[in-house]
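Worksheet: one structure, shown below.
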Amino acid sequence: ERNSQTFNYASYHTLDEIYTWMDSFVASSSGLVSKLQIGTTFENRPIYVLRFSTGGVNRPAIWINFGIHAREWISPATSLWFANKLVSEYGKDSSVSSLLNTMDLYLEIVTNPDGYSFTHTNNRMWRKTRSNHAGTSCKGVDPNRNFDANFGGPGASGNACSSTYYGPYVNSEKEVKAIVDFVTNHGNFKSFIDVHSYSQLLMFPYGYTSTKPKDYNELMELSKKSITALASVHGTKYRYGPILTTIYQSSGSSIDWAYDQGIKYAFCFELRDTGRYGFILPANQIIATAEETYVGLMEILDHVRLNPY
Amino acid sequence: QKTFIGDQVLRITVNNEEQLALVSSLQEQEHLNIDFWLEPSKPLLPIDIQVPREHVQSVKALLEFNGVSYSTLIEDLQALMDEEEKEMVLSHHK
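Here it is, written out as structure tokens:
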């Protein structure tokens, strides 16, 4: 798998393989894609973001991160296919071309590299980061409870051994801080999408409160449009709505933070996985998942492009 | 490498707030080491839990005793992982 053309997108890959793929992908993308390092992890691994840009200075931008929970392997697998699809469709497909001609797109392919590596080497079901914090022998924090959005509130655990541990303080996780700093410093993100996998959902804020976001109606309509388009590919049915009413209450999540920062189009995908396979979705479903997710995502990205604010 | 031989994943459906509270309380019983894949939220929404082999029978008994319905989503988690491992190795050879 020495270049992005011969890379097997229908398989799961280790972190090293993905990082090697990134370099060959950037090299073969004719200048459309570049790789940025936005931080390092607790175990000192680099955290990379792929930037898709056709030029311009500080253009309005879209952020998509994949696999913040380490064991959800289908998320990074989908991201690789998605990245490759964007490059191959640029100049051919009008949605992709219009999008990249007006906005920058940032993909964080592996959001929790330490955890991801740990799932390949030690514990396939690991979900959290791999950080150590004083006062406990249990490792790791749930990075999706560590953002500054009602941090430590209901729907997160103060028990360091729990899989939903919110951490000792806001942004304690370097993986979270890297996102927060990057998005904040950029200052012109118009959409923030966090891609997870389990139980087929498309959600938007809020998770920490039952209060409806001020853009509730628009986000509901857009969600419906997105999951309808997604279902047209392979028939996969999604539920949609605010996190709290669609799945459960959760505090400290990424999209709640993003929305409170003023990023209106904040969404969280839970990709296909009925539970029959746990987080071990068979590899022969990777491409199908990626295909349908691409269609669902493009509905949202089209809307973002056509509705500047 | 941690193994999950005999670990099961149960899908639980609770019918009322009382049953919801009962299942939620399993989270606090640390000795059971239950991993909530889909956390309790409200009646009629599924809850998925991964139960270590040594506690499968007692957790099932508790659910049955309290009239909480469940089904076994994954009989043996390790068997699935072995399949996945095989696919990864095959893919590497390809």
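Note that the protein sequences, when read in sequence, are chains Y and G.
In this text, residue positions in the first sequence follow the working numbering: the first is 206, and each later residue adds one.
In this text, residue positions in the second sequence follow the working numbering: the first is 1223, and each later residue adds one.
The beta carbon of each residue, even a glycine, is placed where N, CA and C say it ideally should be.
- prompt: Which residues of chain G have a Cβ atom closer than 7 Å to the Cβ of Gly446(Y), listed in chain order?
  reply: Taking the first sequence and counting its residues from 1, the one referred to as residue 446(Y) is at position 241. Here the premise fails: no neighbours, minimum Cβ distance about 12 Å.
task: Name the two residues that bound the continuous beta strand (DSSP E) containing Gly457(Y).
output: For this step, residue 457(Y) is matched to residue 252 along the first sequence. Neither: Gly457(Y) is in no beta strand (DSSP E) and is coded neither H nor E.
field: Among Thr441(Y), Cys366(Y), Met408(Y), Glu423(Y), nearest to Ser459(Y) - alpha-carbon criterion
entry: Position 254 of the first sequence, counting from 1, holds the residue named residue 459(Y). Answer by Cα proximity: Met408(Y).
- request: Taking all protein chains shown into account, decide if Ser336(Y) is buried (16 or more other Cβ within 10 angstroms of its Cβ) or exposed.
  value: To locate residue 336(Y), count along the first sequence from 1; it is residue 131. So Ser336(Y) counts as buried.
field: Neighbouring residues, chain G, relative to Met503(Y) (Cβ below 9 Å)
entry: As a first step, residue 503(Y) is located in the first sequence; it is residue number 298 there, counting from the start. In chain order: nothing, as chain G lies at least about 28 Å away.
task: Kindly list the residues whose CB is nearer than 8 Å to the CB of Asn1238(G), restricted to its own chain and excluding five residues on each side of it in sequence; keep chain order.
output: On the second sequence, position 16 is the one that residue 1238(G) refers to. Excluding residues within five positions, the ones whose Cβ falls inside 8 Å are Pro1265.
query: Can you round the beta-carbon distance between Thr316(Y) and Asn355(Y) to whole angstroms, since I take them to be within the 8 Å contact cut?
result: Here the question's residue 316(Y) lines up with position 111 in the first sequence. Here the question's residue 355(Y) lines up with position 150 in the first sequence. Going by Cβ atoms, the distance from Thr316(Y) to Asn355(Y) rounds to 21 Å, so no, they are not a contact pair.
field: Minimum length 3: unbroken beta strand (DSSP E) runs contained in the region 266 to 350 of chain Y
entry: 266 to 271, 309 to 313
- request: Measure the CB-CB distance between Trp286(Y) and Ala495(Y) and report whether it falls below 7 Å.
  value: On the first sequence, position 81 is the one that residue 286(Y) refers to. On the first sequence, position 290 is the one that residue 495(Y) refers to. Result yes, Cβ atoms of Trp286(Y) and Ala495(Y) sit closer than 7 Å.
- prompt: Do you know offhand how far Glu206(Y)'s Cα is from Thr334(Y)'s?
  reply: As a position in the first sequence, residue 206(Y) is number 1, starting the count at 1. As a position in the first sequence, residue 334(Y) is number 129, starting the count at 1. The predicted position of Glu206(Y) is uncertain, since its pLDDT is 47 and thus under 50; a value taken from the coordinates is nonetheless stated next. Taking the straight line from one Cα to the other gives about 28 Å.
message: Can you tell me whether Thr245(Y) is helix, strand or coil according to DSSP?
response: On the first sequence, position 40 is the one that residue 245(Y) refers to. Strand at Thr245(Y).
Same chain only: Cβ atoms within 7 Å of Ala434(Y), ignoring 5 sequence neighbours per side: Within the first sequence, residue 434(Y) is the residue found at index 229, counting from 1. Excluding residues within five positions, the ones whose Cβ falls inside 7 Å are Val500, Gly501, Glu504.
task: Compute the Euclidean distance between the alpha carbons of Phe212(Y) and Lys419(Y), then round it to the nearest angstrom.
output: What you label residue 212(Y) is simply residue 7 of the first sequence in a count that begins at 1. What you label residue 419(Y) is simply residue 214 of the first sequence in a count that begins at 1. Cα to Cα, Phe212(Y) sits roughly 43 Å from Lys419(Y).
task: Express the C-alpha separation of Pro348(Y) and Thr341(Y) in angstroms, rounding to a whole number.
output: Taking the first sequence and counting its residues from 1, one reaches residue 341(Y) at position 136. Taking the first sequence and counting its residues from 1, one reaches residue 348(Y) at position 143. Those two C-alpha atoms are separated by around 17 Å.
message: According to DSSP, Glu475(Y) sits in a beta bridge with which residue or residues?
response: One-based indexing of the first sequence puts residue 475(Y) at position 270. Bridge partners of Glu475(Y): His401(Y), Leu406(Y).
message: With a threshold of 8 Å on Cβ separation, who are the neighbours of Ser437(Y) within its own chain once the five nearest residues in sequence on each side are excluded?
response: Start at 1 with the first residue of the first sequence, and residue 437(Y) comes out as number 232. The answer, listed in chain order, is Val500.
- request: Could you tell me whether the region 465 to 481 of chain Y touches the region 390 to 406 of chain Y, where touching means 3 or more Cβ pairs closer than 8 Å?
  value: yes
query: If we cut at 7 Å on Cβ distances, does Asn213(Y) have a partner in chain G?
result: Start at 1 with the first residue of the first sequence, and residue 213(Y) comes out as number 8. Yes - at least one Cβ of chain G is within 7 Å of the one on Asn213(Y).
Nearest-angstrom Cα separation, counted from Ala1243(G) out to Phe1258(G): Counted from its first residue, the second sequence places residue 1258(G) at position 36. Counted from its first residue, the second sequence places residue 1243(G) at position 21. If I take the Cα positions, the gap works out to 14 Å.
field: Beta-carbon contacts of Val385(Y) that lie in its chain and below 8 Å, excluding the five residues immediately before and after
entry: Numbered from 1 along the first sequence, position 180 holds the residue referred to as residue 385(Y). Cβ within range, chain order: Phe352, Asp353, Asn376, Trp462.
field: Where Val262(Y) falls: helix, strand or coil (DSSP)
entry: Numbered from 1 along the first sequence, position 57 holds the residue referred to as residue 262(Y). Here Val262(Y) sits in coil by DSSP.
field: Residues that Asp1298(G) contacts on chain Y, provided the C-beta gap is smaller than 7 Å
entry: On the second sequence, position 76 is the one that residue 1298(G) refers to. Chain Y residues near Asp1298(G): none, gap ~11 Å exceeds 7 Å.
Contact belief for Pro359(Y) with Tyr411(Y) at Cβ below 8 Å, rounded distance in angstroms: Counting from 1 along the first sequence, the entry for residue 359(Y) is found at position 154. Counting from 1 along the first sequence, the entry for residue 411(Y) is found at position 206. Contact flag wrong, Cβ pair sits at about 12 Å.
message: Just checking: is the beta-carbon of Asp1304(G) within a distance shorter than 7 Å of some beta-carbon in chain Y?
response: Taking the first residue of the second sequence as position 1, residue 1304(G) is located at position 82. It does not: the Cβ of Asp1304(G) has no partner Cβ on chain Y nearer than 7 Å.
message: So if DSSP puts Arg256(Y) in a beta bridge, which residue, or which two residues, is it bridged to?
response: Numbered from 1 along the first sequence, position 51 holds the residue referred to as residue 256(Y). BP columns for Arg256(Y) point to Ser239(Y), Tyr311(Y).
query: Where does Val1273(G) fall in DSSP's three states?
result: Mapped onto the second sequence, residue 1273(G) falls at position 51. Here Val1273(G) sits in strand by DSSP.
- request: With a 10 Å radius around its C-beta and 16 neighbouring C-beta atoms as the bar for buried, classify Phe1287(G) as buried or exposed.
  value: For the purposes of this step, residue 1287(G) is taken as residue 65 along the second sequence, with counting starting at 1. Exposed, because fewer than 16 other Cβ atoms sit within 10 Å of the Cβ of Phe1287(G).
message: For the region 484 to 498 of chain Y against the region 421 to 433 of chain Y, do three or more pairs of beta-carbon atoms, one drawn from each stretch, fall closer than 8 Å, so that the two count as touching?
response: no
- prompt: Any idea if Glu497(Y) is buried or exposed, counting beta-carbon neighbours within 10 angstroms, 16 or more meaning buried?
  reply: Taking the first residue of the first sequence as position 1, residue 497(Y) is located at position 292. Glu497(Y) should be labelled buried.
CB of Leu1295(G) within 7 Å of CB of Gly480(Y), strictly: For this step, residue 1295(G) is matched to residue 73 along the second sequence. For this step, residue 480(Y) is matched to residue 275 along the first sequence. Yes.
task: Over the uninterrupted alpha helix (DSSP H) stretch that includes Asp1257(G), give me the two end residues.
output: Along the second sequence, one-based indexing puts residue 1257(G) at 35. Here Asp1257(G) belongs to no alpha helix (DSSP H); instead the beta strand (DSSP E) covers 1257 to 1260.
task: Can you tell me which of the three DSSP states Val1311(G) falls into?
output: Here residue 1311(G) refers to the residue found at position 89 of the second sequence. If DSSP states are grouped into helix, strand and coil, Val1311(G) belongs with the helices.
- prompt: Which partner residues does Val1231(G) have in the DSSP bridge list?
  reply: Position 9 of the second sequence, counted from the first residue, corresponds to residue 1231(G). Answer by DSSP bridge pairing, in chain order: Gln1272(G), Ile1296(G).
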